[in-house]
Amino acid sequence: MLTVREIYSTIDTFAPFAAQESWDNSGLLVGSMTQPVKKVLTVLDISERALKHAIMIGADVIVSHHPVIFSPLRKLDKTHPVYRLAENGISAICVHTPLDMAKDGLNAYAHAMLQKPLSLQSNITPLEVCGAEGQGLGWVDTSSIYWIPTDLAKELQKAFGCACVRHSNWTKQIRKIAYCSGSGASLLEQAAEKGCDALITGDIKHDRWYAAESLDVVLFDCGHYETEQMAPIILKKMLQGAYPELDVYCMTENNPICMEIGGRTV
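Quick note: the sequence shown uses this note's numbering, first residue 9, plus one each step.
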């Protein structure tokens, strides 16, 4: 019978945990390496809905993108996901920045999604090189055509299924494009240094918009959830490929944020 250790080792081969950023907390965060595994659930976040689904299907381990423990826990309430996981005998393996930078991980998946709609030429370089193996967070590529921000935003909205795409409020021709899934606006300066016309990411804070204007880089905010919603699909495909007989379930939740545009809830 498979154990958590084997699931962990397979993920480690695909997205090495040792490559994670210093501020990250990826790995086996709840449970035991020796726990037997018959069913796995892959998710973006270990939310209350994800926990209920895991309990319902009898999952032995949840593999998530976002860490269930990120900041140090100073108390553990009965409603906290960590308590609920331990209470129900469910282990948690979290694969955050290792999945972002994996060769066939989250950013690579997004590039494949955007290649045709953005007419990308596949001249790919990492946006930020990190890790001993030369792994990179995000990517830089060049489009074969020039975009204006409004048209590029429309293509991104279709590709990611966004309710809306926020973008910088000025007009510029865009050809060299940087991308980082999740919250990547901290890489704005690297994008500017690489001569990028635009940076596509999510969770962009107020001050970053002004910084982008100074650096002449057009920002596109497609949402944290929207740019990472593919994570459980990637994780399921990887685990199912390694263990065809293993029951691997994939849960793609709805965006927890509800938006209203023009009086219409989306």
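Glycine included, each C-beta is placed from N, C-alpha and C at the ideal position.
Straight-line gap, L37 to F78 (C-alpha atoms, nearest Å): Looking up residue 37 in the sequence shown gives position 29. Looking up residue 78 in the sequence shown gives position 70. Distance between the alpha carbons of L37 and F78 is about 10 angstroms.
7 angstroms Cβ cutoff met for H119 and S34: As a first step, residue 119 is located in the sequence shown; it is residue number 111 there, counting from the start. As a first step, residue 34 is located in the sequence shown; it is residue number 26 there, counting from the start. No. Outside cutoff.
Where F22 sits in the DSSP three-state scheme: Here the question's residue 22 lines up with position 14 in the sequence shown. Three-state DSSP puts F22 in a helix.
Between the CA atoms of V137 and A219 - distance to the nearest angstrom: Within the sequence shown, the letter at position 211 stands for residue 219. Within the sequence shown, the letter at position 129 stands for residue 137. Rounded to whole angstroms, the gap between the alpha carbons of A219 and V137 is 22 angstroms.
Segment contact, 8 angstroms Cβ cut-off, at least three pairs: the region 144-164 with the region 217-235: Counting Cβ pairs under 8 angstroms, three or more are found: they touch.
Beta-carbon spacing of S72, I98 below 7 angstroms: Indexing the sequence shown from 1 puts residue 72 at position 64. Indexing the sequence shown from 1 puts residue 98 at position 90. With contacts defined by Cβ atoms closer than 7 angstroms, S72 and I98 do not form a contacting pair.
Integer-rounded CB distance, given that E236 should sit under 8 angstroms from R49: Working through the sequence shown from its first residue, we reach residue 49 at position 41. Working through the sequence shown from its first residue, we reach residue 236 at position 228. In the sequence as presented, Arg is not what sits at residue 49; that position holds Leu. Contact doesn't hold; Cβ gap of about 17 angstroms is too wide.
Short Cβ contact (7 angstroms threshold) for L114 with S189: Residue mapping note: residue 114 aligns to position 106 of the sequence shown, counting from 1. Residue mapping note: residue 189 aligns to position 181 of the sequence shown, counting from 1. Yes; because the gap between Cβ atoms is below 7 angstroms, this pair is in contact.
Supposed close pair E260, P240 - CB separation, criterion 8 angstroms: Position 252 of the sequence shown, counted from the start, is the residue given in the question as residue 260. Position 232 of the sequence shown, counted from the start, is the residue given in the question as residue 240. Note that residue 260 corresponds to Thr in the displayed sequence, not to Glu. Yes, they are in contact, since the Cβ atoms of T260 and P240 sit about 6 angstroms apart, within 8 angstroms.
Length at least 3, wholly inside the region 29-64: the beta strand (DSSP E) runs in chain order: The DSSP assignment places complete beta strand (DSSP E) segments of no fewer than 3 residues inside the region 29-64 at 35-38 and 47-51, in order along the chain.
Local Cβ density within 10 Å of K244, reported as buried at 16 or more and exposed below that: As a working note, residue 244 is residue 236 in the sequence shown. Buried, since its Cβ has 16 or more Cβ neighbours within 10 Å.
Proximity winner among N177, H214, A27 and L93, relative to M109 (alpha-carbon distances): Numbered from 1 along the sequence shown, position 101 holds the residue referred to as residue 109. Checking every option, the nearest Cα to that of M109 belongs to A27.
E253 versus P89 - alpha carbon distance: Here residue 253 refers to the residue found at position 245 when the sequence shown is read from its first residue. Here residue 89 refers to the residue found at position 81 when the sequence shown is read from its first residue. Within the model, the alpha-carbon separation for E253 versus P89 is close to 28 angstroms.
Length-filtered (3 minimum) beta strand (DSSP E) runs lying within the region 88-140: Those beta strand (DSSP E) runs which fall completely within the region 88-140 and span 3+ residues are 99-102 and 133-137.
Which listed residue (N262, I265 and V256) has its alpha carbon closest to that of K47: Counted from its first residue, the sequence shown places residue 47 at position 39. Answer by Cα proximity: V256.
Reduced DSSP secondary structure (H/G/I, E/B, other) of W155: What you label residue 155 is simply residue 147 of the sequence shown in a count that begins at 1. Strand, per DSSP.
Residue range of the beta strand (DSSP E) that includes R183: Here the question's residue 183 lines up with position 175 in the sequence shown. That run of the beta strand (DSSP E) goes I182 to Y187.
Reduced DSSP category for W217 - H, G, I as helix; E, B as strand; rest coil: In the sequence shown, counting from the first residue as 1, residue 217 sits at position 209. It is helical.
For S17, three-class secondary structure by DSSP: For the purposes of this step, residue 17 is taken as the residue at position 9 of the sequence shown. If DSSP states are grouped into helix, strand and coil, S17 belongs with the helices.
Element boundaries [alpha helix (DSSP H), containing Y257]: In the sequence shown, residue 257 corresponds to position 249, counting from 1. Segment D255 to C258 is the beta strand (DSSP E) holding Y257; no alpha helix (DSSP H) there.
Interface flag, Y233 vs chain D, CB-CB below 7 angstroms: Annotation note: the requested chain D is absent from the structure, which comprises a single protein chain.
Simplified DSSP assignment, three categories, for G249: Residue mapping note: residue 249 aligns to position 241 of the sequence shown, counting from 1. G249 carries a helical assignment under DSSP once its states are collapsed to helix, strand and coil.
Cβ-based neighbour list, G66, same chain, cut-off 7 angstroms, excluding 5 preceding and 5 following: Residue mapping note: residue 66 aligns to position 58 of the sequence shown, counting from 1. Hits under 7 angstroms: K47.
Run of the beta strand (DSSP E) containing T209, from where it starts to where it stops: Sequence index remark: in the sequence shown, residue 209 carries index 201 (1-based). Its beta strand (DSSP E) spans residues A206 to T209.
First through last residue of the beta strand (DSSP E) which encompasses L227: Numbered from its first residue, the sequence shown carries residue 227 at position 219. Where L227 is concerned, the enclosing beta strand (DSSP E) stretches over V226 to D229.
S191 in three-state terms, based on DSSP: Here the question's residue 191 lines up with position 183 in the sequence shown. DSSP places S191 in the coil class of the three-state scheme, outside both helix and strand.
6 angstroms Cβ shell around D275 - same chain, five flanking residues per side excluded: Residue 275 falls outside the range modelled here, since the chain spans only 9 to 274, and no answer is possible.
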